[in-house]
Amino acid sequence: MISQIPFEHGLLLAGALFVLGLIGVMVRRNIIFILLSIEVMLNAAGLAFVVAGSRWSQPDGQVMFIFILTMAAAEVSVGLALVIRLYHVFKTLDADCAGKMRG
Amino acid sequence: MFSKHWMLIAPARCGAEMMELLWLIPAFPLAGFLALAVTGARMPKRLAAIIGTGSVGASAVVALFIGMHFISSPPQGHLSSQTLWTWIEIGEFRPSITFYLDPLSLVMTFVVTFVGFLIHLYSTEFMAEEEGYSRFFAYMNLFVCSMLILVLADNLLLLYLGWEGVGLCSYLLIGFWYKDHANGRAAMKAFIVTRVGDTSMAIGFILLYFNLGTLNIQEIMQRASQAWPVGSTFAVAAAALLLGGALGKSAQLPLQTWLPDAMAGPTPVSALIHAATMVTAGVYLIARTNVLFTLAPVVQEAVAVIGALTLLIAGFSALTQHDIKRVLAYSTISQIGYMFLALGVGAWSAALFHFMTHAFFKALLFLGAGAVILALDYEHNMFRMGGLRKELPLTFWTFLIGSASLSALPLVTAGFYSKDLILWYSLSSEDGSPWFWAAGMAGALLTSIYTFRMVFLIFFGAAKGRVSRKPGMTMKFPLLILAVLSIIGGFVELPRIPIFSEFVKTALPSAKTLHEGLLGEGMQQVIASGVSLIGVSIAYLLFLRAPLNVERFTSHPAGKALHRFWFSGWGFDWLYNKVFVGPFIWIARTNKDDFIDLIYGGMAWYGRFFHVALSLTQSGKVRWYAMGITIGAVITIGITVFL
Amino acid sequence: MILIWLILIPLMGGLLAWLFSRGNDRLPRWISLIALIIDFILVLLLWMQYPERAGLTNRSWLVDINLEWIPRLGISFHLALDGLSLLLVMLTSFLGIMSVAASWTEIKERVGFFHFNLMWSLAGITGVFLSLDLFLFYFFWELMLVPMYFLIALWGHENRISAAVKFFLFTQLSGLLMLAAILGLYFVHARGTGIYTFDYTQLLGTTMGSTEGMLLMLGFLIAFVVKLPAVPFHTWLPDAHTEAPTAGSIILAGLLLKTGAYGLLRFAVPLFPHAALDFTPVAMALAVIGILYGAVLAFGQTDLKRLVAYTSVSHMGFVLLGIFAWNELALQGAVIQIICHGISTGALFIIVGALQERIHTRDMERMGGLWTSAPRMGGVGLLFGLASLGLPGLGNFVGEFLVLIGAYTVSIPMTAIAATGLVFATVYSLWMIQRTFFGPREVYLKVPDLNMREMTVMAFMVAVIVWIGLYPQPVINTAKGALNALQKNAGAMTSFGKISYPVSTGADRDTK
Amino acid sequence: MNTPFYIAAAVAVISTFMVITRRNAVHALLYLIVSLLSVALIFFLLGAPFVAALEIIIYAGAIMVLFVFVIMMLNLGPQSTEMERRWLTPEIWVGPTILTALLAAELLYVLVRVQVRPSDINVITPKQVGIALLGPYVLGVELASLLLLAGLVGAFHLGRREKSDGGGRA
Amino acid sequence: MTLNDLAPLIPLMVIAVSSVIIMLGIAFYRSRAFSGLLTLAGIAVAFITLFGVQGTRQVTSLLILDDYALFYIGLILAASFVVALLSSDYLEGRRENIEEFYILLLLSTLGSSVLAASTHFVSFFIGLEILSVSLYALIAYTRNELNIEAGVKYLVLAAASSAFLLFGIALLYGETGTMEFSRMSSGISAQGINKGMLLTGFALVLTGVGFKLAVAPFHMWTPDVYEGAPAPVTAFVATVSKGGVFALLLRYFIQVDMHAYPSLFGAVAFIAVASMFAGNLLALLQKNIKRILAYSSIAHLGYLLVAFLAGGVMRVTAVTFYLVAYFITTLGAFGVVTMLSGKERDADAVEDYQGLFRHRPWLALIFSAMLFSLAGIPLTAGFIGKFYIVAAGAGSALWLLVIMLVINSAIGLYYYLRIIVVLYAQPGHSEVSAVSSLPLTGSLVLVLLTVLLLWLGVYPEPLIEMIHRMTMRF
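Residue numbers (the working numbering), protein chains in the order written: chain A, 6 to 108; chain U, 2 to 644; chain W, 1041 to 1552; chain V, -15 to 154; chain E, 6 to 479.
Below, the structure written as structure tokens:
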């Protein structure tokens, strides 16, 4: 391939995306946004794998990415089912409202 | 030849057999105590009286037999001992339950059993109407038993057993009328104050054991004189510690405060315990361990000084009391001061002699006082008495004899001879000094003043109370016997015929007299006689002829203050309350809930605090929990990477 | 085998008592009583066979049983009995009988479960006195606490829960420290020898560094002084004693505290002689502080039971003093004090319990003048009050005096200060008697006196305390072999507790 | 030569930032798709054409559509946008941002401290990936199927209407 | 890869097949009894087949069925069996279908078992996700308010933590070039490695794993999820899910030789201490039994980490024994909660247990035994477990940690005692305790657990021997 992308720079990008996703999880109250942010984080992790795989010229990184993709799908399906159920029960998507249990 | 031998052995064997009965002397009262204690109030009064008095009587008889035997055919070395069993045996530590008889303990045994018997007899009537009759006799029997163990003990641990036993009985009997808190307080005071001394004594015992390897009194004396030079630190420490015990028990300065309060007990108790026997245990102890005191001249000097001071202080206090029993109590303190003085100047046998005569006349005085008190319906205040001479003639005469003996009226009284001996030695002994002598003389003057003040107030003057009850035979008999003893008791030791000193000399070394020339013994007797007579006259003048003078004196502010000072026993109680009792109670009350517990309470508080604080982190919010994870990640990375 | 029976009998007795408790309150009581009596008879028989009873031999272990338990970790089921254990086991079953008898009418609820707990607690205590495997020891050490906890928490008085929890927390925390120390010793021993074992006899004489030894010793020591208890770890005691039912108080004061003393004697000092020697000044200071501080606290109380509880702090101070003086006199004194304190305090608790059953208060402000209607109770109370103030002729005196003599060699000032504890003991004991039995009769006009059952219990206790007071020799002889062995174990390497009589030997020679 | 990478990276970061700051869910979703697309480009640049395709097809395609479905289903209108505005206040922002800044700093420290090691990129063909997947990782694939089964059953159970609601089975 | 290679996987396959059969069954005919029995049978058969595992144990680079793994899988299967039994009673008569529950239960068991057998990050990750995804649904299974709330919390946080984990693995992979545990250690020792990145990778993996293990400071979800989830699921979360993860963690860190990284050691030590304190202090005055047990599990994992940190021969045995004891105890405790739970809500308030001893003496005793075991009191397995942990800690001279453990045990005791006291107090007024009769199977299970608990507490030697044999390789 033509380009030479430093390993660290790839990871930095992954890290940046990861951190942004993390901020999203911590800041947003809307459960949909939280799920979106999680997707960002997972995607960032996947990116990191691909970067790592390309450093070693191995397919393993990509394989892992595929598994992450699988997991994200399963996660999102259950997650969104839960979101619907949440909305059904609490009539809101505010994650803070689902905070009856504490202490 | 053969028969001669036999003749020699026979009495010895007989004597040995006789000595085998030694254990019976304390055993009888002990049995009496157990019988009375177990059956308790269910026992009929008559039977209780018989058991109580009988047991002491029995032990008196045994004591008499043994004593006669001891005198008639003295055992080898003038001592004999009987081991019942080994009390404790741990390596070299081997105190046993062993009774030891020598002239000193014999004299003590005599006094204890005989005076004890008389007082028991007296009590059968005196206490007749009291609740807890059998309890009274149980305590009294236990007391006699303990006292006998004390005087017969062969080792210090057994002595301590008796020592504490008498203290206990004193406590129980002072508080006999337990329904009044004041009595209980007096009883506690007595026990606690003496316990202070006892503790010092116990430490002394331990010191002796550790440095001499035994608790056997005779061995201690022997080893001490071998191992310790005169004035050695060990000897001084041991003697001083033992002295502490003696001071407590004998109510000497500075532990004298309990005795006047101890008068809260029934009068026979005062007579037996707080006059005749227990309070002189200190004298006995010092006499018993005289070798130690000889090895520690400093302490012996202290004994004399304390004795002299005590006899004066108590004498002044006695002058001012209203309560007949308190007068007698202060008088007892004062008389024991004489004994201490005697011990302090090395006149061991004089002290013992005075102990004996004092036991007679002071018991007599107490019993007489008891008769008066009973006659006047438990009136103790002398100023509400008067003119009883007519109503209670026998009491009057016997009381008068006792007073005479106490005041040491010359020639006819026992007290004269014993006190005179002490005064003589306080001047002439090696350790004596004119100061001691002067103090003794002043004390003698005080003694006769307060004694006859008492006599005049009670028996002379106008009658102020109605006599409700006259003593019966069982009360009169002891009075009579004691009166007789108070007169003839002194004749066993006349200036030129020292039977008593000779008898006890195997146990107590005789005093060393030095400066005979300063004042002849005869001269000193004349002076002493004069002093006591002067005292009587002063009492007559002040309290019978012109009581107004006294009142005038006491109404003057200075006089009033002085009177109050003396009346309260020189403020010792006040001082002790301020310095010891008050702070102790304050600390105990303040710290009732134990400040250390606060530390643990604080820990528990922190536990709860952190619980609450951490509970706040469990806010129930997902975002916050995600932050928790992030924080965790930051910290974990921080530790792994940067550490 | 007999040792296993000694533990099994109360265990089974407890189970039976519980199982047969349905609708029947009498049966559990009898079952427990009989089981404990059998136990006691067994111990007595052992004692009869015991040659040391008469001071004949110096053999150390009378009975010894060693079974495999967890060999992988070097843990064995090792029980053994020497004179010291024998005495304490005897005390255990004796006080067990007394506590069953004393709570005959006091406990009305869940009688079966009560006796189950009582018996299991006793079994645990017996186990503690018999174990020679440190793991087993710890096992029993913890085991005895649980039933005790239940006794306090379920049948106690007003503040029972917090008292029970406090008790449990203190003892558990300290116990865990001991566990850590046990394991430390285990590994130190293995490091030196390559043998992984918890066996006491093998662990004796383990070589270790001095800091190491001190830390390990402290681990043991803390567990034991908390149990003992010594200031400043004593604060669980008044609460637990006060809130516990009578039987609980008896076992607590009479036995549980003794396990601490036993642990010091058997483990803390012999296993770490050097460290113990170094620690002696501190331990003795703690002991003396305990003696005085406990006494002051006792005096300040208005709750009768609390007062008695604090006296334990004071009395056990003597035991601590004696143990750390570590010479024959002091150790014998400590043993006697252990036994006599168990009995005298137990008796006092029985009296307090009897009083509470009658007048439903422990507040001394509301008592007074009880002698009039209950002279027997008063008499017995007086006697044990006197025992607690150390009156000669009663057992406690022998113990305290021997301890003082023994301590004297080690430190004269400590001994002197400790001796003043006798004065304070007088103060609180008399104060207690005064407040309850003497004084005007204000509130309670008629209080039933001790009944036959209670008097029988008391008679036994009085007999023992007087017997030990006047003829402690059987006890001393029994303990002698064991104590000598302990001293040998500890003293082989140190100059610990050697008594020297500066003069006596010379004097002896002269006189002979 | 890496310019495309940096451009794509910048796009990814910016669009991701937009994702987490949008008030409207659909907007956010669209930004996310942009972000995913740029990441796909990066995958391509990194020599991983296969996953680049998957990223677009599955991530941007399937998964995001799922989100759209839900958003539509729950009908999140302007009302919820308004609510988002109220929720996103500085006090909510500050804490997490500082925290993540710390995390980012740590990562940065770790990644930048060493010398950058550029390496030649070798393209890993879909074939290679396939061989790896069905070779050494075949068990992983099997397990992934079970993972999907779990997701399926879970979503099925949770998403099902309650019996009381309609009585029928979904 | 031949069919022969697959032989060791039979136990796992049995589980997977059972779940598929149940799913297929639903399509045709829903039957509680059938699915329940099939589940139990599947687990039982899988358990039995464990003993038949022989030959090549390493199946591809992903899984290894060595004795260690077999032991943990056995443990996980046993726990699942108990949970399955408990949940059949629990879900009886509820509106929800039960069949999906069994499927999810089997799948999550499978996930956990895969974890125990993983030697590769891929299998680790997928196993973990199978476990997690099934758990999301299980936690929210009865779909009431608390369930949903717990489910959402668990989902969001678990997914986020998975992202951390993945990122960490990516860093490790990027630095070492392999995801196999055994090869990773050689990759680590290679030249020119960026140690900081490696450590960051470890730390992030630790974060992800720590979340699953519910150790501080990743513990916050625990009480909420424990409280919200149905009682049997809580038992499952507390045991099976943690057991598998811990088995993996232990294997992983032993293979990469954690002790070579003092700072990593420090991080785990920090987590251990923080978990002990956080768990115990949070439980101190807590009034909800499930939350108390949640906090207590946090603390217990902290204790476990102490042994985990210890080196030497004792580490694996201590951890494993403790886990066994912890499994028995936790299952027993949640079993009691399950038995007492009504249809309306779970019996999770402390008041619900007031005076339990009066009307249900056996249940109260069993519960006390469980609590005593948690507190580490003798005669219970918990005692031996705690002893073992302290022994392991002492053996490696981790004195500070041991002391922390000791202090925390004491704090922990406080709240266990609090519950125990309530059990024996005068009965209060709670509708929960009025449940008429107890289901037989559940009772049997509880009795069995209690017997096990006591047996291990008195005579642990056979188990210790077994663990020692099984884990000898480490």
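Even for Gly, the Cβ is constructed at its ideal location relative to N, Cα and C.
A quick note: this is a predicted structure, and the numbers were derived from the prediction, not measured.
Proximity test, Cβ basis, 8 Å: glycine 79(V) and chain U = yes
Check distances from the C-beta atoms of the region 1342 to 1370 of chain W to those of chain U and list, in chain order, the residues that come in under 8 Å.
-> Thr1342, Glu1368 and Leu1369
For isoleucine 333(E), which of Glu356(E), Gly398(E), Gly248(E) and Val318(E) has the nearest alpha-carbon?
-> Gly248(E)
Grab the span of the alpha helix (DSSP H) containing asparagine 1157(W) for me, first residue to last.
-> 1151 to 1170
Test: tyrosine 626(U) CB closer than 8 Å to a CB of chain E = yes
Does the pairing of the region 1193 to 1205 of chain W with the region 415 to 434 of chain E give three or more beta-carbon distances under 8 Å?
-> yes
Confirm, please, whether the CB-CB distance from alanine 282(U) to valine 468(U) is below 8 Å.
-> The beta carbons of valine 468(U) and alanine 282(U) sit no closer together than 8 Å.
Keeping to the same chain, check which residues put their C-beta closer than 8 Å to that of leucine 1510(W); ignore five residues upstream and five downstream.
-> Gly1433
Return the residue from the list Ala343(U), Phe384(U) and Phe457(U) that minimises the CA-CA distance to lysine 391(U).
-> Phe457(U)
Could you say which of Val45(A), Leu40(A) and Phe70(A) lies nearest to phenylalanine 54(A) if we only look at CA atoms?
-> Phe70(A)
Assign leucine 47(A) to one of two classes, buried (16 or more other C-beta atoms within 10 Å of its C-beta) or exposed (fewer than that).
-> Classification for leucine 47(A): buried.
Give a yes or no on whether the C-beta atoms belonging to valine 1463(W) and valine 197(U) are separated by under 8 Å.
-> yes
Tell me whether the beta-carbon of histidine 1155(W) lies closer than 8 Å to the beta-carbon of tryptophan 1058(W).
-> Contact: yes.
Keeping to the same chain, check which residues put their C-beta closer than 6 Å to that of phenylalanine 126(E); ignore five residues upstream and five downstream.
-> Ile174 and Met184
Output, in chain order, the set of chain D residues within a Cβ distance shorter than 8 Å of valine 214(E).
-> Any reference to chain D falls outside this structure, whose protein chains are A, U, W, V and E.
Below-8 Å beta-carbon distance, threonine 205(E) vs any chain U residue | yes
Classification of alanine 79(A) by the beta-carbon crowding that lies within 10 angstroms, buried from 16 upward | buried
Could you please give the first and the last residue of the uninterrupted alpha helix (DSSP H) stretch that includes isoleucine 1379(W)?
-> Its alpha helix (DSSP H) spans residues 1368 to 1399.
Determine the chain U residues that contact threonine 84(V) at a beta-carbon separation under 8 Å, and present them in chain order.
-> Thr631
Which stretch, first to last residue, makes up the beta strand (DSSP E) that contains valine 1103(W)?
-> Per DSSP, the continuous beta strand (DSSP E) segment holding valine 1103(W) begins and ends at 1103 to 1110.
Got a sec? Which residues, its chain only, sit under 8 Å from alanine 46(E) by beta carbon, not counting five neighbours each side?
-> Ser23
Reduced DSSP secondary structure (H/G/I, E/B, other) of isoleucine 69(E) = Strand, per DSSP.
Report the residue from Trp86(U), Ser569(U) and Trp425(U) whose alpha carbon sits nearest the alpha carbon of threonine 321(U).
-> When each option's Cα is compared against that of threonine 321(U), the closest is Ser569(U).
Is there a Cβ from chain E that is less than 8 Å from the Cβ of threonine 1209(W)?
-> What sits at residue 1209(W) in the sequence shown is leucine, not threonine. True, the Cβ-Cβ gap to chain E drops below 8 Å.
Under the rule that 16 or more other beta-carbon atoms within 10 Å means buried, what is proline 267(U), buried or exposed?
-> buried
The alpha helix (DSSP H) enclosing tyrosine 93(V), as first and last residue numbers | 74 to 97
Take histidine 1197(W) as the anchor and find which of Ala1370(W), Asn1524(W), Pro1278(W) and Leu1127(W) has the nearest alpha-carbon.
-> Pro1278(W)
Skipping 5 residues on each side, what residues in its chain have a beta carbon closer than 7 Å to that of phenylalanine 1190(W)?
-> Asn1157
Straight-line gap, methionine 222(U) to valine 292(U) (C-alpha atoms, nearest Å) | 6 Å
Which listed residue (Asn156(U), Thr414(U), Tyr339(U) and Phe397(U)) has its alpha carbon closest to that of methionine 442(U) | Cα-wise, what sits closest to methionine 442(U) is Tyr339(U).
Would you say isoleucine 382(E) reaches chain W, if we count a Cβ-Cβ gap shorter than 8 Å as a contact?
-> yes
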